[in-house]
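To start, the structure itself, in structure tokens.
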Amino acid sequence: MKHIVLAGATGYLGRYIAKELKSRGYYVTLLVRNKQSFKNKMVIADNVIEGDMRDKQFYKGLFEDVDAVISTVGITRQKDGATYINIDYGVNKLLLDEALDAKVRKFIYTSVLHGENLKHLKICQAKELFVEALQSSNIESTIIRPSGFFSDMEEFIHMAKSGRVYLFGDGKKEANPIDGEDLAKVCVDAINLSDSEINIGGPEIMTHNKMAKIAFNVLDKPIKIMYIPSWIRKSLLWTVQKITDQKTYGSIEFFLTVMSMDMVGSSMVKKH
Ligand SMILES: NC(=O)c1ccc[n+]([C@@H]2O[C@H](COP(=O)([O-])OP(=O)(O)OC[C@H]3O[C@@H](n4cnc5c(N)ncnc54)[C@H](OP(=O)(O)O)[C@@H]3O)[C@@H](O)[C@H]2O)c1
């Protein structure tokens, strides 16, 4: 039975990957910083190892006879004061160093669609620094680049609940967010694929206008959209970068930037 180590299983995507790995019969070890995060999340594994994932010593000897490492570790909603360089780069680099020492065959890492063109954003700078380290190292690797997660579409619901959805430009930018369960299948397939990168999105391409309308329809509320011109978006971006630190503005600058772009990954996922 092949042994897979998964880092990030307490998160949204990671928990689907853990489930997918077990359903395909892999022996699964999860590395976590806090087992309590699993409460009520129905995560199953053969082995769960808890510790400080920022400490190099934590990983010593853990990757013996491991076939592949999958990491979804990164800062999204965490507010513990760490920087993207500490976690999105630093923790993943520690995982990579240990995987190289133990001669693990494959490393699968989740970055962001178009991340290689968004290195001016703090989050992508850290992620792509790790991608460069991974791709220049002597291990087989696949970078998964998702367009966006369905779970993030909750923002549209929150805005619609408050009565109005705010969109940038004319709302015609497109995206095809992917469901965690579908994306997990792609990540697990990657164990046996030779692709160095997979740009992936969900089965349906929607404009931001359409996403807003769906949110209002679900809530059975009248459609009210306010369009924010591009110059206001740019001034907002400039202001948050100037008056807050990167732990605060990192997620805001990412959101303000991707909402002004098409985020469409190719889809291997069938419409449900
Ligand atoms: N959301 C999107 O639309 C999107 C799109 C493209 C790519 N991505 C990327 O895909 C990856 C997975 O996303 P997700 O939504 O599953 O994220 P998530 O739910 O926040 O999960 C992130 C994982 O990283 C771990 N982590 C964060 N800070 C840590 C630290 N200081 N030490 C140890 N572990 C730490 C978390 O552990 P805890 O549970 O203990 O905090 C969790 O297991 C992320 O790198 C994200 O940037 C997301």
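Here the sequence shown is numbered in our numbering, starting from -14 and rising by one per residue. We put the beta carbon where it would ideally sit given N, CA and C, even for glycine.
- Burial is judged here by how many other beta carbons sit within 10 angstroms of a residue's own beta carbon; Leu178 has fewer than 16 and is exposed.
- Secondary structure note for Ile210: its beta strand (DSSP E) is the uninterrupted segment 210 to 213.
- Within 7 angstroms of the C-beta of Tyr(-3) there is at least one heavy atom belonging to ligand 1.
- Beta bridge pairing from DSSP links Pro131 with Ile185.
- Bounds of the beta strand (DSSP E) holding His(-12) are -12 to -8.
- Taking 3 residues as the shortest admissible run, the region 221 to 252 contains no complete beta strand (DSSP E) segment at all.
- The C-alpha of Asp180 lies about 6 angstroms from the C-alpha of Thr127.
- Pairing Leu221 with Thr242, the inter-Cα distance amounts to about 11 angstroms.
- With respect to the C-alpha of Arg39, the residue from Tyr151, Val54, Asp50, Ala(-8) having the closest C-alpha is Ala(-8).
- Rounded to the nearest angstrom, the gap between the Cα atoms of Phe48 and Glu159 is 41 angstroms.
- Each of Ala169, Lys209, Ile183, Ile163 was checked against the Cα of Glu189, and the nearest Cα belongs to Ile163.
- Not a single heavy atom of ligand 1 lies less than 7 angstroms from the C-beta of Ile29.
- In terms of side-chain proximity, the C-beta atom of Phe134 is found nearer than 7 angstroms to a non-hydrogen atom of ligand 1.
- Straight through space, the alpha carbons of Trp216 and Lys24 are spaced by roughly 44 angstroms.
- In the three-state scheme derived from DSSP, where H, G and I count as helix and E and B as strand, Asn161 is classed as coil.
- Not one heavy atom of ligand 1 is found less than 7 angstroms from the C-beta of Gly186.
- The C-alpha of Gln42 lies about 14 angstroms from the C-alpha of Val17.
- Of the candidates Val116, Lys146, Lys7, Lys146 places its Cα closest to the Cα of Lys209.
- Not a single heavy atom of ligand 1 lies less than 7 angstroms from the C-beta of Asn161.
- Taking C-beta atoms as the reference points, Val116 and Glu5 fail to come closer than 8 angstroms.
- No heavy atom of ligand 1 is found nearer than 7 angstroms to the CB of Ser220.
- Listed as beta-bridge partners of Tyr94 by DSSP are Ser56, Ile128.
- Leu15 is not a Cβ neighbour of Tyr44, given a cutoff of 8 angstroms.
- Nearest Cα to Arg149 within the set Lys170, Thr192, Gly100, Asn202: Asn202.
- For Val173, the Cβ stays outside the 7 angstroms cut-off from all heavy atoms of ligand 1.
- Taking the CA atoms as reference points, Phe92 sits about 32 angstroms from Met191.
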